[in-house]
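Enquirer: First the structure, which I've put down as structure tokens, then a few questions once you've had a look.
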Amino acid sequence: MRNKIDDAVDIKDVRSFLRNHPDFFDNNSDILETMVIHHKTDGAVSIVERHLQKLQEKNKLLNEKLNHLIENADQNQNIFESVMTFSLKMLNAHDLKSFLDVLSNSFKNDFKLEFYSLILFNESRSVDHPIVASTSRIEFEEKIPRLMSFNEPIGGQFSSEDFHTLFNQSDQIDNSVAICKIGREVHLGFLAIGSTDPNLYHESDSRYFLSHLSNLISQSLVKFNKNVL
2 MRNKIDDAVD
12 IKDVRSFLRN
22 HPDFFDNNSD
32 ILETMVIHHK
42 TDGAVSIVER
52 HLQKLQEKNK
62 LLNEKLNHLI
72 ENADQNQNIF
82 ESVMTFSLKM
92 LNAHDLKSFL
102 DVLSNSFKND
112 FKLEFYSLIL
122 FNESRSVDHP
132 IVASTSRIEF
142 EEKIPRLMSF
152 NEPIGGQFSS
162 EDFHTLFNQS
172 DQIDNSVAIC
182 KIGREVHLGF
192 LAIGSTDPNL
202 YHESDSRYFL
212 SHLSNLISQS
222 LVKFNKNVL
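Using our numbering, the letters of the sequence shown correspond one by one to residues 2 to 230.
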């Protein structure tokens with residue numbers, strides 16, 4: 002038995018006919034009004050009601066996507082403005098200390114970052130500033146070896162031990178971190194930013210933002226402190 006449809010009529014033919022004649026029910030509204038669709042949760046509903054429900058669900062999904070895009074656009078605009086402000090301030094820096102002061106103040110007041118650290122390898126000499134964490138390349142590689150192989154910014158959750166290495170903050174189990182290599186030709190260290198929100202930084206987040214900042218920092222370190230190399 003074929004769903005009580007006459008054997009002379011094939012279900013595929015019906016489906017094909019309706020697809021090729023989408024206005025069929027416009028001229029046959031009496032048939033449309035008597036049709037029902039059995040839904041798992043709503044029971045039997047008319048095809049018009051079911052179609053309306055589908056349209057409402059689709060509209061809700063589109064609105065959610067639109068709101069997400071608007072929210073991201075606002076966030077990106079704020080980040081862009083902060084980067085521009087930082088770049089202008091950096092131009093006024095006249096030595097390494099004033100540059101690092103600009104970097105620290107911008108991270109705290111403009112970017113509103115919760116944790117931030119400029120990790121510099123001190124093979125030649127250490128840089129004395131609150132934002133700078135000086136360490137040897139060998140010592141850092143022993144603590145977080147996986148970071149040494151990345152050339153592009155990465156993000157995600159880190160262990161509490163790694164978080165402590167990056168930011169000198171203990172017992173921060175819930176976290177997310179974005180980190181970027183400093184220096185292209187010569188690896189000078191890392192720029193790391195962190196949060197207690199485990200969902201804030203992910204692999205694809207802030208990639209352009211971090212890459213741009215790391216390039217500015219690399220150029221400034223070379224400009225103001227030749228001995229960093």
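Glycine included, C-beta positions come from ideal geometry on N, C-alpha and C.
Quick check for students: name the residue ranges of the alpha helix (DSSP H) that lie wholly in the region 107–174, counting only runs of 4 or more.
Expert: With a minimum length of 4 residues, the continuous alpha helix (DSSP H) runs that stay inside the region 107–174 are 138–144, 161–168.
Enquirer: Counting along the chain, where does the beta strand (DSSP E) carrying L192 start and finish?
Expert: Per DSSP, L192 belongs to the beta strand (DSSP E) from 190–196.
Enquirer: Rounded to whole angstroms, what's the CA-CA distance from L89 to F164? Just pull it up for me.
Expert: Each residue's alpha carbon lies about 31 angstroms from the other.
Enquirer: Which of helix, strand or coil does DSSP assign to V178?
Expert: The answer is strand: DSSP assigns V178 an E or B state.
Enquirer: Less than 9 angstroms separating the beta-carbons of I132 and L119?
Expert: Cβ atoms of I132 and L119: closer than 9 angstroms.
Enquirer: Across the region 155–175 and the region 103–113, are there enough close Cβ pairs to call them in contact, namely three or more that are closer than 8 angstroms?
Expert: The region 155–175, when compared against the region 103–113, does not touch it at the 8 angstroms Cβ threshold.
Enquirer: Spatial neighbours of F81 within its chain, please: C-beta separation below 7 angstroms, excluding the five flanking residues on both sides.
Expert: Within the same chain, F81 has no close Cβ partners at all.
Enquirer: Can you tell me which residues form a DSSP beta bridge with I183?
Expert: Answer by DSSP bridge pairing, in chain order: G190.
Enquirer: Report the rounded CA-to-CA distance for R3 versus I12, giving the unit in angstroms.
Expert: Note that R3 scores a pLDDT of 49, beneath 50, so its modelled location is shaky and nothing firm can be said.
Enquirer: According to DSSP, is L201 part of a helix, a strand, or is it coil?
Expert: L201: coil per DSSP, three-state reduction.
Enquirer: For S1, which residues in the same chain have their Cβ closer than 7 angstroms to its Cβ, ignoring the five residues on either side in sequence?
Expert: Since the first and last residues shown for the chain are 2 and 230, residue 1 lies out of range.
Enquirer: Please confirm whether L211 and A179 have their CB atoms less than 9 angstroms apart.
Expert: Yes.
Enquirer: Measure the alpha-carbon distance for N228 versus L192 and round it to whole angstroms.
Expert: For N228, the pLDDT reaches just 48, beneath the cut-off of 50, and the residue's location in the model is therefore unreliable, although a value from the coordinates is still provided. For N228 and L192, the distance between alpha carbons rounds to 19 angstroms.
Enquirer: Check this for me: beta carbons of E153 and C181, under 9 angstroms apart or not?
Expert: Going by C-beta atoms, E153 is nearer than 9 angstroms to C181.
Enquirer: Does DSSP classify H95 as helix, strand or coil?
Expert: DSSP places H95 in coil when its eight states are reduced to three.
Enquirer: With the cut-off set at 9 angstroms, would you say F26 and F18 are in Cβ contact?
Expert: Contact flag unset, no.
Enquirer: From N169 to E65, what does the alpha carbon distance come to, in whole angstroms?
Expert: One C-alpha to the other measures close to 39 angstroms.
Enquirer: In terms of residue numbering, what span does the alpha helix (DSSP H) encompassing D14 cover?
Expert: Its alpha helix (DSSP H) spans residues 12–21.
Enquirer: Can you tell me which of D14, I32, F87 puts its alpha carbon nearest to the alpha carbon of D102?
Expert: Residue F87 is the option with its Cα nearest to D102.
Enquirer: Can you say whether K176 is buried or exposed, counting buried as having 16 or more other CB atoms within 10 angstroms of its CB?
Expert: What sits at residue 176 in the sequence shown is Asn, not Lys. So N176 ends up on the buried side.
Enquirer: Would G195 and L114 be called neighbours here (beta carbons separated by less than 9 angstroms)?
Expert: Against a cut-off of 9 angstroms, the Cβ pair of L114 and G195 comes out as a contact.
Enquirer: Using only CA atoms, which one of G157, I183, L92, N29 lies nearest to D198?
Expert: Closest option to D198, Cα to Cα, is G157.
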